[in-house]
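Note sheet for the following structure.
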Amino acid sequence: MMNTFTKTIAAAMLTFKLILNLNNNWDEYKKSGRYPVRDVEIKEVEKMLGCMDPENGYSIYICSECGSMKKLPHSCKSRICSVCGKKHADEWSEKINKEMYAVPYWHIILTVSDKLWVYFDGNSKLQKLMLDTAAKVMKEIVRDYNKSKKKADPGIIMVLHPFGRDLKTNMHVHMLMTEGGLTSNGKWVDMPYIDYRIIRKKW
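Residues in the sequence shown are numbered from -11 upward in steps of one, following the working numbering.
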């Protein structure tokens, strides 16, 4: 029986790539037909599974001084690769950061009942609807707050997280929303406070 330390080390060594390769899990998953797998998903997963495999290409570097040679396999550059994907994430983060307004933001998390997760799991249309609805709800809250003033639209950045830290299904939306918004004529309207009870009720 493994002790706590051994379990911790084993968990740290467990990667998404290893899980998919183990017992042909990826091939079995595709065959199962439990969820339809899109061509783009197959392409990205199989690129990731072949990351750093010399059979998919490599470069050879030779030292001009001593003649020693080093062969380096090519990376997959897939967005879902835990190694290569970090570069995509960093580039996306930098791009978004340049487009963000220099104003305060709220970090808002919107969840749904675990009884509804089964409907969202693997359903990209419902997942998109969840994001669209989250944006609609928060915009309506901001407009209602400013109804005595000129109506303003907030800036919103959202990411859907279908899993929790334990990689079990946990559908929720992470949102960055400006503490205020712009009117149709480009005037900024502050909104320094939102009652969380209003968000909960409307959501």
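From the three backbone atoms N, C-alpha and C, an ideal C-beta is built for every residue, glycine too.
At the C-beta level, residue 163 and residue 186 stay beyond 9 Å of one another. Non-local C-beta neighbours of residue 190 in its own chain, meaning closer than 8 Å and more than five positions away in sequence, comprise 125, 128 and 129, ordered along the chain. In the structure shown, residue 14 falls within a helical segment according to DSSP collapsed to helix, strand and coil. Annotation: the segment 18 to 90 contains the following complete segments of the beta strand (DSSP E) (minimum length 3 residues), in chain order: 46 to 50 and 57 to 61. Among the bridge pairs identified by DSSP, residue 151 is matched with 157.
The C-beta distance from residue 148 to residue 161 rounds to 6 Å, short enough to meet the 8 Å contact threshold. Listed as beta-bridge partners of residue 177 by DSSP are 169. For the pair residue 105 and residue 159, the Cα-to-Cα distance works out to about 6 Å.
Secondary structure of residue 119 (DSSP, three-state): helix.
Residue 30 and residue 117 have their C-alpha atoms roughly 24 Å apart.
For residue 129, the three-state secondary structure derived from DSSP is helix.
Contact annotation, residue 157 with residue 109: C-beta distance approximately 6 Å; criterion of less than 8 Å satisfied.
Between residue 98 and residue 107, the C-beta spacing is not below 9 Å. Nearest to residue 111 by C-alpha distance, out of 15, 7 and 24, is 24.
A Cβ-Cβ contact shorter than 9 Å links residue 143 with residue 91.
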